[in-house]
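Novice: Chains A and B, in that order, are what the protein sequence lines are. Under this note's numbering, the very last position in the first sequence is 1280; numbers go up by exactly one each time. Under this note's numbering, the very last position in the second sequence is 448; numbers go up by exactly one each time. Virtual Cβ for every residue (Gly too), placed ideally from N, Cα, C.
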Amino acid sequence: MAEAKAWQFQCTSNLLTSTLKKDQTVLAFLAQFKRIHENGSIEPEDKFQSLHQATSEGSSARELVASYPLSAENYPKVIEQLNTKLDQYKGRGHDEDKTEAGIEKTQTLLLHQRSHTLIQTLIVKVKGYDVPEVKILLGSDILARLLTGKIVELDEGMFAVETKLGWTVMGRRATSINFNTGNTISCLNSLDISDLCVRFKCRDVNVPKPGGGRSFRRIVNFPEKYTVKPLSVTNLAGRDPVSGRVVAKGIGGGIKHKYHWIDWIRDGPKEGPPILEEVIEVLSDGCRTADVALVAVGKKLKYILATENMKPGDILKTSRYIPRIPVRANEGDAYPLGALQIGTKVHCIEKYEGTGGLYVHAAGTYGTILRHVGTNVIVQLPSKQEFSFPQECVATVGRLSNILHGSTPIGSAQKNRELGNRPRSGLWQRKTGRHGRKIRPLPPLRVLGSPPPKPLSPISLTLDI
Amino acid sequence: MRVTRTLWRQHIGWTFKQHWKVQRHRVPLATGADLVLSQMNIPVVPAEDVVAPSPMRKELKFVGLEDKPLPWDECHPLYHKQECHMYGNHSVLLKGLDQAKVLTNTVESEQGLPAALPRVTASARHHHLVNNLVLDAEQKKLPKLKDPERPAFNFPREYGITDVRGTYAVLKKLVIESPTPPPLSNPSFSFLFLCRRLLTYRLIQLCGSISGSPRPVVNHTPVKVTLDRGGSLVQLGIRADQLLVAKTPLSALVDQYSASGMELPSLGQAHFTVSLETEHFYQDGDIYRNFYFVPDNLLVCCTATGSWAPHTLVLHGNQSEVYNLYETPVTEQQWLGRSLVNSFTVAAAYARAQYGAGVEDLPHPLCVQCCHTDGRLFHFVVLQLNTLGVGTELRNILWSQPRVALFDTCGYKDVCPVETQQHLCTKPSSTNIVLQGVETRFSGCMV
Chain A
816 MAEAKAWQFQ CTSNLLTSTL KKDQTVLAFL AQFKRIHENG SIEPEDKFQS LHQATSEGSS
876 ARELVASYPL SAENYPKVIE QLNTKLDQYK GRGHDEDKTE AGIEKTQTLL LHQRSHTLIQ
936 TLIVKVKGYD VPEVKILLGS DILARLLTGK IVELDEGMFA VETKLGWTVM GRRATSINFN
996 TGNTISCLNS LDISDLCVRF KCRDVNVPKP GGGRSFRRIV NFPEKYTVKP LSVTNLAGRD
1056 PVSGRVVAKG IGGGIKHKYH WIDWIRDGPK EGPPILEEVI EVLSDGCRTA DVALVAVGKK
1116 LKYILATENM KPGDILKTSR YIPRIPVRAN EGDAYPLGAL QIGTKVHCIE KYEGTGGLYV
1176 HAAGTYGTIL RHVGTNVIVQ LPSKQEFSFP QECVATVGRL SNILHGSTPI GSAQKNRELG
1236 NRPRSGLWQR KTGRHGRKIR PLPPLRVLGS PPPKPLSPIS LTLDI
Chain B
2 MRVTRTLWRQ HIGWTFKQHW KVQRHRVPLA TGADLVLSQM NIPVVPAEDV VAPSPMRKEL
62 KFVGLEDKPL PWDECHPLYH KQECHMYGNH SVLLKGLDQA KVLTNTVESE QGLPAALPRV
122 TASARHHHLV NNLVLDAEQK KLPKLKDPER PAFNFPREYG ITDVRGTYAV LKKLVIESPT
182 PPPLSNPSFS FLFLCRRLLT YRLIQLCGSI SGSPRPVVNH TPVKVTLDRG GSLVQLGIRA
242 DQLLVAKTPL SALVDQYSAS GMELPSLGQA HFTVSLETEH FYQDGDIYRN FYFVPDNLLV
302 CCTATGSWAP HTLVLHGNQS EVYNLYETPV TEQQWLGRSL VNSFTVAAAY ARAQYGAGVE
362 DLPHPLCVQC CHTDGRLFHF VVLQLNTLGV GTELRNILWS QPRVALFDTC GYKDVCPVET
422 QQHLCTKPSS TNIVLQGVET RFSGCMV
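#1: Strictly below 7 Å CB to CB, what residues from chain A border TRP21 of chain B?
#2: With a 10 Å radius around its C-beta and 16 neighbouring C-beta atoms as the bar for buried, classify ALA247 of chain B as buried or exposed.
#3: Just how far apart, CA to CA, sit THR168 of chain B and THR374 of chain B?
#4: Taking just the CA atoms, how far does LYS1114 of chain A sit from GLU84 of chain B?
#5: Would you mind giving the Cβ-Cβ distance between THR1159 of chain A and ALA1149 of chain A, rounded to the nearest angstrom? I have them listed as a contact below 8 Å.
#6: Which residue from B:GLY113, B:LEU146, B:VAL171 puts its Cα closest to that of VAL135 of chain B?
#7: If we ignore side chains and look at the alpha-carbon of each, how far apart do ALA153 of chain B and ASP1100 of chain A end up?
#8: In whole angstroms, what is the alpha-carbon distance linking LYS849 of chain A and PRO859 of chain A?
#9: Give the list of continuous beta strand (DSSP E) stretches no shorter than 3 residues that lie fully inside the segment 1143 to 1169 of chain A.
#10: Anyone know if the C-beta pair for HIS91 of chain B and VAL323 of chain B falls short of 8 Å?
#11: Looking at the unbroken alpha helix (DSSP H) that takes in ARG339 of chain B, where does it start and where does it end?
#12: Can you tell me whether DSSP reads PRO1273 of chain A as helix, strand or coil?
#13: Just to confirm before moving on: does the CB-CB distance between LEU1120 of chain A and GLN270 of chain B stay below 8 Å?
#14: With 8 Å set as the bound, which would you pick, yes or no: does the beta-carbon of VAL270 of chain B sit closer than that to a beta-carbon of chain A?
#15: Between which two residues does the beta strand (DSSP E) containing ARG1033 of chain A stretch?
#16: Taking the straight line between their C-alpha atoms, what separation do you get for ILE1254 of chain A and LEU1131 of chain A?
#17: Considering only the alpha carbon of each residue, which of A:GLU1201, A:ILE1066, A:LYS1246 lies closest to ARG1239 of chain A?
#18: Run the CB neighbour count on MET2 of chain B, radius 10 Å, all protein chains shown included, and call it buried at 16 or more, exposed below.
#19: Just the C-alpha distance for GLY231 of chain B and LEU94 of chain B, rounded to the nearest angstrom, thanks.
#20: 8 Å is my cut-off, CB to CB: does GLY1026 of chain A come that close to chain D?
#21: Let's see if you can read the secondary structure: which residues bound the beta strand (DSSP E) around VAL369 of chain B?
#22: Taking contact to mean at least 3 C-beta pairs separated by less than 8 Å, is the segment 253 to 265 of chain B in contact with the segment 395 to 413 of chain B?
#23: Which ranges does the beta strand (DSSP E) cover as unbroken runs of at least 3 residues, wholly within the segment 224 to 278 of chain B, from first to last along the chain?
#24: Run through chain A and tell me which residues come within less than 7 Å of LEU61 of chain B, C-beta to C-beta.
#25: Would GLY338 of chain B pass as a contact of LEU98 of chain B if the rule is Cβ separation under 8 Å?
#26: For TYR1118 of chain A, which beta-bridge partners are listed by DSSP?
#27: Taking contact to mean at least 3 C-beta pairs separated by less than 8 Å, is the segment 155 to 165 of chain B in contact with the segment 356 to 374 of chain B?
#28: What are the boundary residues of the beta strand (DSSP E) that ARG1186 of chain A is part of?
#29: For PHE154 of chain B, does the three-state DSSP call read helix, strand or coil?
#30: Could you give the DSSP three-state label for GLY1026 of chain A: helix, strand or coil?
#31: What does the alpha-carbon distance come out to for the pair TYR80 of chain B and THR249 of chain B?
#32: Determine the direct distance from the alpha carbon of LEU66 of chain B to that of PHE282 of chain B, and round the result to whole angstroms.
#33: On a CA-only basis, which of A:GLU872, A:GLY1027, A:ALA1052, A:GLU1168 is nearest ARG1237 of chain A? Give me that one, please.
#34: Going by other Cβ atoms of all chains shown within 10 Å of its Cβ, with 16 needed for buried, is VAL863 of chain A buried or exposed?
#35: Can you grab the Cα-Cα spacing for the pair LEU1278 of chain A / GLY1068 of chain A, in whole Å?
#36: According to DSSP, is VAL439 of chain B part of a helix, a strand, or is it coil?
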């Protein structure tokens, strides 16, 4: 049965209810006896008699009443004794002013979802207020079904709500309310959200496989707009951010670094003289092996990958124009592959035009332009594999900085831990034929054309059984 | 394969569940219908919007709840279409003093501070420095120490006096001297010297004794000015740490047109607004407050209202408050540029308050002085504001000198509080100070 939690109350059991005859309600009895008790014209002896008749045989009330001889003098004593007994059950003082609220259970009709049982009425008493008797108490499970959905906003934070039983007013007011207003229903709904949530276990977890160019080392918290401020990073320690499960072993810990957001797109004019950019500073970045250069061009500051001999004060050129005669490019300049001479060392090569430098980012690496085939340019990447790029793809000239990185051993297990690599065991196995030097022919030339159409995202269906 | 009772009993539906895990992800076929339809100028609308349009919800207002904060979009009252380059209290310019000169249309006609002004010396008593920079009771967590050679090593966390407090402390204990009839014999001045007052209060006394007019000090007042510099909107909003104000501004030191046509420094490929953060949400306008003073036994009484002219700006520049956006240490040139831009802000705000928001060339140029310090290093600057415009021939004039140190080090050495100083004299204006140090820690102090 629903209980109002808004006010503190204490359930009291009226002593007289236990003595009631089955076909009489306490309310009726109280009403009846109150009239008798307060009626000045009736003799105390008669009042005593009616009290005696009201109590049922064998009950403690009958015993108490019977213990006093029937007389006018004993009547007030009996009443006093009965009240004392009542107070004992209540467990509180009889002073009504001190009690904050009291509820006397009487019989009423309580609508319950599954059973229409005659339980008991609630007479809610609140200090300082005159609360009318609650005739029907609706549980929160059926209240929702009675609402039709119409809500009208009233003054002072009150709302008129239409139910199938009629209009009612609900709301929370700062000021006090006069309850003597007839039929009012006020509901103070304090629905606990935890009651709604159901604990469930998801079995269909898609755990990705490591590899494929995706590392589970960190997530960079990119803001909406490009900024030169070093960005905060969430370290994943080899875990898939969606499912939280370990995907790649051996990753975790290490010195925490902030991420410098590199501007991969070196955009320049398609005709006319190239844009000039100035190198302000060359910094080392903990999230990559190559160094990073802070570059100022116009109103914008950005980061690019630093080349071998880059220093503060250098002027870099950027252009998207492909001239007839190849350009004599300096270190750090960005030109389309079709504008560069054969044999030029390049890095940060775009895969598709305008998408930003994708290939060759590691310290000390470079790609070499080998030959031109039609409108494509063939570049040999550090893995010795040859790629055929469209000539409009922009690449940066020069070899990347921090050349000694490749030839520097890590040195110790501690240093490896500082780099964020956890101990990896069981990786090398003898005689499986998997480990050791491989001699294989290079894969064939990979021709890159226009980007493929973006696939539609799959629709996930559910089967609600 | 037929699903018989036996087969079902065998796998209890597990196989179907495993199939469903894969088959539930259906990739729709791209028919290209929307492309064809759009070519025929037929609008394509998502089905959900037509079948079950989202109901219009009335926003209910509940008593006792706060209003929802306004979203930061184009309807926000502070949104402006034109972006504004913001210069704040923490800002430094990328190219330092050169960029500041281009931004404020200022040139340096001569090196050092103006020669025509009388000199004043100031010094710091050894024990006052030690008391305030070493023996102070403040114990707060200082920034973490990092060794670039050993990035993994965590140094023990140090507690001590913060740099902000150190700056205040040094300024409190600086002593002022003057070759003119010294106010030091004045008992009220020596009383001031003993009690904890700011440097600028002594400057007031000094200036007061020289010129006789009152120069109160305003602490931590915001000063803001929004300017259009060659099509770019720039807002300079600073906190004037201590601003010495006077009834009339300092008059121009040289002729207004003496430096007109002088070349501004070149910034290379960078624009003068580079490294200033841009914002679309800002409140444009200027702030230069009217200061109201109450009678103070130790201050010169001034209860008049109205616009007080800026006289000297004492600017605090601490590593903890001032930083580069890209988190590299602030360079020397960047500190110098900060003095110039902040002095310009104060002067420009006053000029706008006096002559209106549209003023370009000032009818009466004014001078503002600045003392930019971090407690140890002091940078003195005098700026003559001639114009607020750009692209004109007229230039503002700057006198500046390299930063000078009041002392070398002040800290614990072998568990003893030690402070080492060096002789440093500069030529200041009548209201600037010269720093002169004590030779050793055991010699007598000046004053």
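Specialist: On the basis of the coordinates in this document:
#1: As a first step, residue 21 of chain B is located in the second sequence; it is residue number 20 there, counting from the start. Result: LEU1278.
#2: For the purposes of this step, residue 247 of chain B is taken as residue 246 along the second sequence, with counting starting at 1. Classification for ALA247 of chain B: buried.
#3: Your numbering for residue 168 of chain B matches position 167 in the second sequence. Your numbering for residue 374 of chain B matches position 373 in the second sequence. THR168 of chain B and THR374 of chain B: Cα-Cα distance of roughly 7 Å.
#4: Here residue 84 of chain B refers to the residue found at position 83 when the second sequence is read from its first residue. Here residue 1114 of chain A refers to the residue found at position 299 when the first sequence is read from its first residue. Going from the Cα of GLU84 of chain B to the Cα of LYS1114 of chain A covers about 12 Å.
#5: Counting from one through the first sequence, the residue named residue 1159 of chain A turns up at place 344. Counting from one through the first sequence, the residue named residue 1149 of chain A turns up at place 334. Not quite, the Cβ-Cβ distance comes to about 12 Å (not below 8 Å), so this is no contact.
#6: Walking along the second sequence from the start, residue 135 of chain B turns up at place 134. It is B:VAL171.
#7: Along the second sequence, read from residue 1 onward, the residue named residue 153 of chain B stands at position 152. Along the first sequence, read from residue 1 onward, the residue named residue 1100 of chain A stands at position 285. Looking at the two C-alpha atoms, the distance is approximately 15 Å.
#8: For the purposes of this step, residue 849 of chain A is taken as the residue at position 34 of the first sequence. For the purposes of this step, residue 859 of chain A is taken as the residue at position 44 of the first sequence. Roughly 13 Å separates the two Cα atoms.
#9: 1149 to 1151, 1160 to 1162
#10: Position 90 of the second sequence, counted from the first residue, corresponds to residue 91 of chain B. Position 322 of the second sequence, counted from the first residue, corresponds to residue 323 of chain B. Taking 8 Å as the Cβ cut-off, HIS91 of chain B and VAL323 of chain B qualify as a contacting pair.
#11: Within the second sequence, numbered from 1, the residue matching residue 339 of chain B stands at position 338. ARG339 of chain B -> alpha helix (DSSP H) spans 333 to 356.
#12: Mapped onto the first sequence, residue 1273 of chain A falls at position 458. The answer is coil: DSSP assigns PRO1273 of chain A none of H, G, I, E or B.
#13: Stepping through the first sequence from its first residue, residue 1120 of chain A is reached at position 305. Stepping through the second sequence from its first residue, residue 270 of chain B is reached at position 269. With respect to the 8 Å criterion, LEU1120 of chain A and GLN270 of chain B are not classified as neighbours on the basis of their beta carbons.
#14: As a position in the second sequence, residue 270 of chain B is number 269, starting the count at 1. It is Gln, not Val, that sits at residue 270 of chain B in the sequence shown. Answer yes: the Cβ-Cβ gap between GLN270 of chain B and chain A drops below 8 Å somewhere.
#15: On the first sequence, position 218 is the one that residue 1033 of chain A refers to. Segment 1033 to 1035, the beta strand (DSSP E) holding ARG1033 of chain A.
#16: For the purposes of this step, residue 1254 of chain A is taken as the residue at position 439 of the first sequence. For the purposes of this step, residue 1131 of chain A is taken as the residue at position 316 of the first sequence. Using only the alpha carbons, I get a separation of about 41 Å.
#17: Taking the first residue of the first sequence as 1, we reach residue 1239 of chain A at position 424. With distances taken between Cα atoms, ARG1239 of chain A lies closest to A:ILE1066.
#18: Numbered from 1 along the second sequence, position 1 holds the residue referred to as residue 2 of chain B. By the neighbour-count rule (16 or more Cβ atoms within 10 Å), MET2 of chain B is not buried but exposed.
#19: Taking the first residue of the second sequence as 1, we reach residue 231 of chain B at position 230. Taking the first residue of the second sequence as 1, we reach residue 94 of chain B at position 93. The alpha-carbon atoms of GLY231 of chain B and LEU94 of chain B are separated by roughly 18 Å.
#20: Here the protein chains are A and B, and chain D is not one of them.
#21: For the purposes of this step, residue 369 of chain B is identified with residue 368 of the second sequence, where counting begins at 1. It spans 362 to 374 - the beta strand (DSSP E) in which VAL369 of chain B sits, taken as one unbroken run.
#22: With three or more CB-CB distances shorter than 8 Å, the segment 253 to 265 of chain B counts as touching the segment 395 to 413 of chain B.
#23: 233 to 247
#24: The residue you call residue 61 of chain B lines up with position 60 of the second sequence. Per Cβ cutoff of 7 Å: GLU968.
#25: Here the question's residue 338 of chain B lines up with position 337 in the second sequence. Here the question's residue 98 of chain B lines up with position 97 in the second sequence. Yes.
#26: Position 303 of the first sequence, counting from 1, holds the residue named residue 1118 of chain A. According to DSSP, TYR1118 of chain A bridges with A:ILE1077, A:LEU1109.
#27: no
#28: Taking the first residue of the first sequence as 1, we reach residue 1186 of chain A at position 371. The continuous beta strand (DSSP E) containing ARG1186 of chain A extends over residues 1182 to 1188.
#29: On the second sequence, residue 154 of chain B is found 153 positions in, with the first residue counted as 1. Shown here, PHE154 of chain B sits in coil according to DSSP, grouped into three states, outside any helix or strand.
#30: In the first sequence, the residue the question calls residue 1026 of chain A occupies position 211. Residue state, collapsed to three classes: strand.
#31: Counting from 1 along the second sequence, the entry for residue 80 of chain B is found at position 79. Counting from 1 along the second sequence, the entry for residue 249 of chain B is found at position 248. Cα-Cα distance, rounded: 38 Å.
#32: Sequence index remark: in the second sequence, residue 282 of chain B carries index 281 (1-based). Sequence index remark: in the second sequence, residue 66 of chain B carries index 65 (1-based). For PHE282 of chain B and LEU66 of chain B, the distance between alpha carbons rounds to 26 Å.
#33: Counting from 1 along the first sequence, the entry for residue 1237 of chain A is found at position 422. If you compare the alpha carbons of A:GLU872, A:GLY1027, A:ALA1052, A:GLU1168 with that of ARG1237 of chain A, the shortest gap goes to A:ALA1052.
#34: Position 48 of the first sequence holds residue 863 of chain A. Checking the sequence, you will find Phe at residue 863 of chain A rather than Val. That one is buried.
#35: As a first step, residue 1278 of chain A must be located in the first sequence, where it is residue number 463. As a first step, residue 1068 of chain A must be located in the first sequence, where it is residue number 253. Between LEU1278 of chain A and GLY1068 of chain A, the C-alpha separation is close to 41 Å.
#36: Stepping through the second sequence from its first residue, residue 439 of chain B is reached at position 438. In this predicted model, VAL439 of chain B has a pLDDT of only 26, less than 50, meaning its place in the structure is not dependable; the value taken from the coordinates is given anyway. Correct three-state label for VAL439 of chain B: coil.
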